[in-house]
Amino acid sequence: MTASPLVRLALFGALCLPAAVAGAQATARHARAIDAYARTHGFNGTILVRHKGAVVYHKSFGIADRAFSVPVTNDTKFRIASITKVFTAVLVLQLVEQGRLDLDATIRTYLPAYTGAGADRVTLHHLLRHVSGIQNMDTVSSFQAAVAHGIEVYQRPLTTDALLARYASGALVHDPGSTFDYNNAEYIILGKVIEAVEGKPFDVVLRDRILTPLGLRNSGMTRQAELLPRLAPTYFRRPDTKEMINDLPVYIDNWYAAGAMYATGADLGRFAAALYERSLLTPASRERLLTPGLDKYGYGLWVDSITIGGKRERIAYRPGSIMGANTALYRVVDRDVTVIILSNTNVTDIDEFAPWIARTILVDRKPVHPVRPSTRPIPGPAS
Numbered sequence: 000m001t002a003s004p005l006v007r008l009a010l011f012g013a014l015c016l017p018a019a020v021a022g023a024q025a026t027a028r029h030a031r032a033i034d035a036y037a038r039t040h041g042f043n044g045t046i047l048v049r050h051k052g053a054v055v056y057h058k059s060f061g062i063a064d065r066a067f068s069v070p071v072t073n074d075t076k077f078r079i080a081s082i083t084k085v086f087t088a089v090l091v092l093q094l095v096e097q098g099r100l101d102l103d104a105t106i107r108t109y110l111p112a113y114t115g116a117g118a119d120r121v122t123l124h125h126l127l128r129h130v131s132g133i134q135n136m137d138t139v140s141s142f143q144a145a146v147a148h149g150i151e152v153y154q155r156p157l158t159t160d161a162l163l164a165r166y167a168s169g170a171l172v173h174d175p176g177s178t179f180d181y182n183n184a185e186y187i188i189l190g191k192v193i194e195a196v197e198g199k200p201f202d203v204v205l206r207d208r209i210l211t212p213l214g215l216r217n218s219g220m221t222r223q224a225e226l227l228p229r230l231a232p233t234y235f236r237r238p239d240t241k242e243m244i245n246d247l248p249v250y251i252d253n254w255y256a257a258g259a260m261y262a263t264g265a266d267l268g269r270f271a272a273a274l275y276e277r278s279l280l281t282p283a284s285r286e287r288l289l290t291p292g293l294d295k296y297g298y299g300l301w302v303d304s305i306t307i308g309g310k311r312e313r314i315a316y317r318p319g320s321i322m323g324a325n326t327a328l329y330r331v332v333d334r335d336v337t338v339i340i341l342s343n344t345n346v347t348d349i350d351e352f353a354p355w356i357a358r359t360i361l362v363d364r365k366p367v368h369p370v371r372p373s374t375r376p377i378p379g380p381a382s
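Each step along the sequence shown adds one to the number in numbering that gives the first Met the number 0, with nothing skipped, and position 204 is 203.
Below is the structure:
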């Protein structure tokens with residue numbers, strides 16, 4: 000006798016129920032594990048995790064504004080530092096798709112007045128990959144040096160033209176394409192190229208091409224003169240005294256297309272979904288973004304592999320760090336896992352935390368690591 004449609008539906012539901020319960024239990028286990036790690040390691044900020052096209056974890060910890068004891072919430076905005084570079088790389092690739100930029104064209108093609116030594120030798124591809132060879136003007140040797148002498152590039156207000164002329168137009172210290180040398184100047188140049196081609200300021204291009212189409216209402220470019228509601232101030236734990244202090248005074252604007260953006264966890268989650276799961280870029284452009292060159296660096300991010308559950312998995316990793324602003328956009332490329340971490344302190348080692356979360360989601364790891372503060376460079380450029 001053939002079962003009726005209602006009986007078949009009931010049987011199907013009964014079979015699906017254990018799987019749904021198991022999935023919910025796994026999600027709850029993951030949340031408890033991430034919560035425990037965050038608290039054990041003194042994490043202060045927001046974490047968002049996407050898996051299989053959905054947000055499976057979104058939670059905030061600690062204090063946004065220490066002077067007024069304002070807690071971090073899921074609506075808190077954070078300076079995202081060099082995650083900005085991924086947005087800049089996406090803008091370049093969108094313009095390449097439209098035939099308005101050529102990755103093999105030199106700087107002078109788009110900036111005829113550029114005076115740097117690499118004007119006719121350095122291409123957009125070199126700039127995106129940090130292999131231009133252009134002299135790096137914003138290195139800081141230590142926290143003590145930063146306290147004693149400041150961070151010259153970022154401690155006076157500069158227009159983007161002045162940034163380009165003063166800090167991104169130096170000599171060539173390597174042959175273009177020969178040596179990886181992480182340098183914010185390269186993304187400052189890319190920002191100016193985008194402006195030249197579009198005929199608009201960088202922030203307007205960013206808004207029109209990415210923020211507005213994706214509904215990212217809580218993201219944008221930070222300006223020293225603008226008060227942003229719910230933007231978390233940043234704090235730095237000194238390596239010598241372990242004292243928590245306000246970040247050194249800087250003009251965030253001067254990081255420009257290399258590191259001046261802010262965002263919420265939810266907005267970055269939407270951006271990551273559009274980048275990795277949808278059509279922000281064509282498949283060919285996305286693969287260009289994710290093709291590693293020297294130092295395993297693609298366009299605006301690192302591309303490497305780690306072992307998860309006994310198998311090597313490709314990852315795309317974009318850390319961001321400007322003193323107390325410490326962030327990560329982490330993707331296990333072929334397993335549909337994205338981890339976003341935004342913090343306004345350097346207390347937690349986010350370079351460890353992000354892959355730990357990815358492994359937890361995929362193989363149910365438990366928190367076992369001891370408390371260890373971040374070992375990232377002290378103030379310095381946006382890494």
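Beta carbons are placed, not taken as given, at the ideal position from N, Cα and C, and that holds for glycine.
Continuous alpha helix (DSSP H) stretch holding residue i: start and end
i      : result
LEU47  : Counting along the chain, LEU47 falls outside any alpha helix (DSSP H), though it belongs to the beta strand (DSSP E) covering 44 to 50.
ALA164 : 159 to 166
ASP174 : Counting along the chain, ASP174 falls outside any alpha helix (DSSP H), and DSSP gives it neither H nor E.
ASP348 : Note, ASP348: premise wrong, no alpha helix (DSSP H); not H, not E.
GLN143 : 142 to 148
DSSP beta-bridge partners of residue i
i      : result
ALA53  : HIS50
SER342 : GLY44, ASN325
Chain-order list of residues whose beta-carbon lies under 6 Å from that of residue i (same chain, five-residue window excluded)
i      : result
ALA262 : ILE79, SER218
PRO246 : Just to set this straight, residue 246 is Asp in the shown sequence, not Pro. So the qualifying residues of the chain are THR233, PHE235, MET322, GLY323.
ASP335 : LYS51
PRO291 : GLY297, VAL302
ILE349 : ASN325, ALA327, ILE340
LEU226 : none
VAL69  : ALA63
LEU157 : ASN253
ARG375 : In this prediction, ARG375 scores a pLDDT of 44, lower than 50, which makes its location untrustworthy; no coordinate-derived value is stated.
MET243 : TYR234, ARG236
TYR329 : TYR316, VAL338, ALA353
Residue range of the beta strand (DSSP E) that includes residue i
i      : result
ARG206 : Looking at the DSSP string, ARG206 is not in any beta strand (DSSP E), and its letter there is neither H nor E.
Contact set for residue i: own chain, Cβ-Cβ below 8 Å, skip 5 residues either direction
i      : result
VAL383 : Here the chain covers residues 0 to 382 and nothing more, so residue 383 does not appear.
PHE67  : none
ARG269 : LEU213, GLY214, LEU215
GLU194 : THR159, PRO200, PHE201, VAL204
SER304 : ARG311, GLU312, ARG313, ILE314
THR281 : GLU96
VAL362 : ILE307, GLY308
ASP239 : PHE142, GLN143
Cβ shell of residue i (< 7 Å), same chain only, five flanking positions each side left out
i      : result
ALA21  : With a pLDDT of 45 at ALA21, under the threshold of 50, the modelled position of this residue cannot be trusted, and the question is left open.
ARG229 : ASP74, THR75, LYS76
ILE33  : ILE46, TYR56, ILE356, THR359
MET136 : VAL152, TYR166, GLY169, ALA184
ASN343 : ASN43, GLY44, ALA63, PHE77, ALA231, PRO232, THR233, TYR234, GLY323, ALA324
LEU289 : GLY297, VAL302, ALA315, VAL332
ARG208 : LEU90, GLN93
TYR113 : ILE106, ARG107, SER168
ASP294 : PHE179
THR347 : HIS40, GLY41, PHE42, SER373
ALA104 : THR122, LEU123
Residue j beta carbon less than 8 Å from that of residue i
i      : j      : result
LEU162 : ARG287 : no
GLY299 : ARG285 : no
ILE133 : GLU185 : yes
THR178 : VAL130 : yes
ALA353 : THR83  : no
ARG222 : ASP252 : yes
GLY115 : SER81  : no
VAL71  : GLY44  : yes
VAL338 : VAL48  : yes
THR87  : GLY190 : yes
LEU274 : VAL54  : no
ILE188 : LEU102 : no
ARG128 : ALA118 : no
GLN154 : TYR250 : yes
MET279 : VAL192 : Per the sequence shown, the amino acid found at residue 279 is Leu instead of Met. For LEU279 and VAL192, no; Cβs fall outside 8 Å.
PHE60  : ALA27  : no
Min CB distance residue i to chain B below 8 Å
i      : result
THR359 : Annotation note: the requested chain B is absent from the structure, which comprises a single protein chain.
Task: Whole beta strand (DSSP E) elements within the segment 59 to 134, 3-residue minimum - done: If we require 3 residues or more, the beta strand (DSSP E) runs fully inside the segment 59 to 134 come out as 62 to 64.
Open item on the list: To test your reading of the DSSP string, which unbroken beta strand (DSSP E) runs of 3 or more residues are found completely within the segment 284 to 339?
Closed with: Qualifying beta strand (DSSP E) stretches, in chain order: 301 to 307, 310 to 321, 324 to 331.
Task: alpha helix (DSSP H) runs contained entirely in the segment 188 to 269, provided each spans 4 or more residues - done: Entirely contained in the segment 188 to 269, the alpha helix (DSSP H) runs reaching 4 residues are, in chain order, 201 to 205, 255 to 258.
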